[in-house]
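For the sequence shown, our numbering gives the first residue as 167, with consecutive numbering after it.
C-beta: ideal position from N, C-alpha, C; glycine also.
Given the structure is predicted, the values throughout are model-derived calculations rather than measurements.
See structure below.
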Amino acid sequence: MHWFTADPHYSHGNIIRFCDRPFPDVATMNAHLLAECRARVQPDDDLWILGDVTAGRSTDAQRREVRGIFHALPGRRHLIRGNHDEDWVCNLPWDSVAETADIVVDKRRLFLCHYPMITWPGARHQGLQLFGHVHQNWQGSRNSVNVGVDVWDFRPITLPEIERRAASLPVNAHWDQVEPGRAWPTVLCAGCGRILDPALVSGHAGVRNGRIVVAATNETIVLMGKAMHKWLPEGRHVCPECIGGYLSVREVTLPAGFSFDEARNRAVPKGNKMPPENSTDKPSVEERLLASIDLIDASQACALLRIETDDPDVAMQAMARDDTVIILVQNGKTMVPLFQFDMVNGRVLDVVRDILKLRPARLSNLRLCYWMTRAHVDFGCAPAHWLGIDDEAIIAAFRRYIELEGHG
């Protein structure tokens, strides 16, 4: 078995203060770090220390302590040299010493370096990079993981532990610039099975409430037919190629009353085109908000909900008075935000009704839509994107919002 660690800084007194380590003194820290290694690493295991075994400047007494600790370390011992590892550390009888190492463990390629890197050998083919150096300041990213003792409870770790943490870390914000088209594997396209990564800036489409939507904005790309819904389950992701090149035209249609807006590269309600670029009219805050939300008119909403009526505006206004739908007024017309619908079953999502029942009278529909469609810290995106996915989280976030808003 292979074990990984970094930055123990044996016999380095100041590191306790620098990194806020929970030890009263150096002797306690040394004993704890060594005990954690000896409790896990077996004689036939490989122990990789990714740099900074001790401090760069050390006294003769500290060097004697570190040499003693080295000989007590179990397993085959490998050093990836760090910036504090002077020659006397490297000259200890390690099984190997190197600036970097390119190894394979359990069929996974690993590139070891004391320093975090933006790319490395094997990075394009799901290779992980392991590093230290930064102590508690950064855990890493989706495919580059800090193995230092300060972020791992002062113990060595195995590859499965590293992989679990890597899966929970964000993709490096610059990854798509450094390795374009080489997304880190987290999600497979439901259509063709290719590897996707919705965390990339470019984003990918997903299936939500019977629509294929832009994952980052929840904007409708297409409605899904019944045949298509059988092989594209709710919540799955779809690559751009499947949307644009491989789906049957009979299964993919624009929503009723929608047209394709080339300027915005998405489906929009008919007549809701972008204004010309040379327009001198400065839109109001309300106009900008309304323009950012996918809206349908009352007739389209009644058709979606299978309501037969001679006056769709009156029908929608009645539902709004009963707190069963959100409506807005745009240029004197009753308009209905599309995000609140379950498009497959032709109904308003239950969580929308719950939110409307909780909403205080002071909170207008426009302000409610603003909250629903703007990025929220709990979700990393707009709450509207999570409707029908995690309703309890939406309700909890909305309760906090109206409590804070009421005290504002």
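Euclidean distance between Cα positions of residue i and residue j
| i | j | result |
| --- | --- | --- |
| Val-263 | Pro-209 | 19 Å |
| Pro-364 | Arg-243 | Note on Pro-364: pLDDT 47, under 50, position unreliable in the model; the coordinate value appears next. Whole-angstrom Cα-Cα distance: 39 Å. |
| Ala-486 | Ile-560 | 20 Å |
| Gly-369 | Asp-261 | Residue confidence for Gly-369 is low, a pLDDT of 47 falling below 50, so the modelled location carries little weight; the figure read from the coordinates is stated next. In a straight line, the C-alpha of Gly-369 is about 45 Å away from that of Asp-261. |
| His-542 | Arg-377 | 22 Å |
| Val-271 | Trp-286 | 17 Å |
| Asn-531 | Asp-520 | 14 Å |
| Pro-399 | Gly-512 | 17 Å |
| Asp-508 | Pro-326 | 39 Å |
| Ala-484 | Leu-524 | 18 Å |
| Leu-245 | Gln-343 | 32 Å |
| Ile-183 | Asp-191 | The sequence shown places Arg at residue 183, rather than the Ile named in the question. For Arg-183 and Asp-191, the distance between alpha carbons rounds to 10 Å. |
| Pro-277 | Val-255 | It is Phe, not Pro, that sits at residue 277 in the sequence shown. Cα to Cα, Phe-277 sits roughly 22 Å from Val-255. |
| Leu-471 | Thr-500 | 16 Å |
| Ala-457 | Val-219 | 58 Å |
| Glu-558 | Thr-475 | 34 Å |
| Arg-275 | Val-337 | 18 Å |
| His-237 | Leu-258 | 9 Å |
| Asp-489 | Ser-334 | 38 Å |
| Gln-228 | Asp-186 | 21 Å |
| Ala-562 | Val-207 | 44 Å |
| Ile-548 | Trp-318 | Reading off the sequence shown, one finds Ala at residue 548, where the question assumed Ile. C-alpha separation (whole angstroms): 33 Å. |
| Gly-288 | Gly-401 | 31 Å |
| Leu-213 | Met-390 | 53 Å |
| His-250 | Arg-233 | 15 Å |
| Ile-575 | Asp-226 | Lying outside 167 to 574, the shown extent of the chain, residue 575 is not represented and no answer is given. |
| Ala-469 | Gln-496 | 19 Å |
| Trp-341 | Asp-477 | 53 Å |
Beta-carbon separation (whole angstroms), residue i vs residue j, contact threshold 8 Å
| i | j | result |
| --- | --- | --- |
| Leu-504 | Thr-386 | 6 Å |
| Glu-231 | Arg-290 | Their Cβ separation, rounded to whole angstroms, is 43 Å, which puts Glu-231 and Arg-290 out of contact at 8 Å. |
| Leu-515 | Ile-568 | In fact, because the Cβ distance is near 19 Å, the residues do not count as touching under 8 Å. |
| Asn-196 | Ser-177 | 6 Å |
Cβ neighbours of residue i in the same chain (closer than 6 Å, five flanking residues each side left out)
| i | result |
| --- | --- |
| Pro-174 | Leu-199, Val-315 |
| Ala-550 | Asn-384, Phe-505, Met-538, Thr-539 |
| Arg-204 | Pro-240 |
| Glu-265 | Arg-247 |
| Ile-269 | Leu-276 |
| Ile-181 | His-175 |
| Cys-279 | Thr-266, Phe-297 |
| Ala-127 | The chain is shown only over 167 to 574; residue 127 falls outside these bounds and no answer can be derived. |
| Ile-473 | Ala-481 |
| Phe-564 | Ile-521 |
Same chain, Cβ closer than 8 Å to residue i, five either side skipped, listed in chain order
| i | result |
| --- | --- |
| Met-502 | Correcting the residue identity first, residue 502 is Val in this sequence and not Met. The residues are Leu-461, Ile-462, Asp-463, Ala-464, Gln-466, Ala-467, Met-482, Val-491, Ile-492, Ile-493, Leu-494. |
| Pro-282 | Gln-295, Phe-297, His-299, Val-300, Trp-304, Gly-306, Ser-310, Asn-312 |
| Asp-211 | Met-167, His-168, Trp-169, Pro-240, Gly-241, Arg-242 |
| Ile-323 | Trp-169, Phe-170, Thr-171, Val-313 |
Check: residue i C-beta below 6 Å from any heavy atom of the ligand ZN
| i | result |
| --- | --- |
| Cys-279 | The ligand ZN is absent from the structure shown, which contains no ligands of any kind. |
Nearest candidate by alpha-carbon position, reference residue i, set the options
| i | options | result |
| --- | --- | --- |
| Gly-498 | Asp-479, Phe-189, Val-373 | Asp-479 |
| Glu-329 | Cys-256, His-250, Trp-341, Gly-293 | Gly-293 |
| Ala-201 | Glu-474, Trp-169, Gly-401, Phe-320 | Phe-320 |
| Pro-188 | Asp-268, Ile-235, Gln-302 | Gln-302 |
| Thr-555 | Leu-532, Val-518, Arg-528 | The question names Thr, yet the displayed sequence has Ile at residue 555. Nearest C-alpha to Ile-555: Val-518. |
| Thr-194 | Ala-563, Cys-279, Cys-185, Gly-179 | Gly-179 |
| Glu-252 | Ala-221, Arg-233, Lys-273, Ile-235 | Ala-221 |
| Pro-526 | Arg-566, Gly-288, Ala-339 | Arg-566 |
| Trp-552 | Arg-374, Asp-477, His-250, Gly-234 | Arg-374 |
C-beta neighbour in chain B for residue i, strict 7 Å
| i | result |
| --- | --- |
| Met-390 | Within the model displayed, chain B is absent; a lone protein chain is all it includes. |
Own chain residues within Cβ distance below 7 Å of residue i, not counting five before or after
| i | result |
| --- | --- |
| Ala-332 | Leu-294, Arg-308, Asn-309, Val-311 |
| Ala-339 | none |
| Ile-459 | Pro-503, Cys-535, Thr-539 |
| Ile-235 | Tyr-176, Asn-196, Leu-200 |
| Lys-273 | none |
### Task
Counting only runs of 4+ residues fully inside the region 194 to 263, write out the alpha helix (DSSP H) ranges in chain order.
Whole alpha helix (DSSP H) segments, 4+ residues: 226 to 238, 253 to 256.
### Message
My parser needs the alpha helix (DSSP H) runs of 4 or more residues fully inside the region 514 to 572; what are they?
### Response
Annotation note: the region 514 to 572 contains the following uninterrupted alpha helix (DSSP H) runs of length 4 or greater, listed N- to C-terminal: 516 to 524, 531 to 539, 557 to 572.
### Message
Please give the ranges of any alpha helix (DSSP H) in the region 471 to 501, keeping only runs that are unbroken, at least 4 residues long and fully inside the region.
### Response
The qualifying runs are 478 to 487.
#### Entry: Start-end ranges of the alpha helix (DSSP H) lying completely within the region 256 to 329, minimum 4 residues
Listed in chain order, nothing qualifies, since the region 256 to 329 has no complete alpha helix (DSSP H) run of 4 or more residues.
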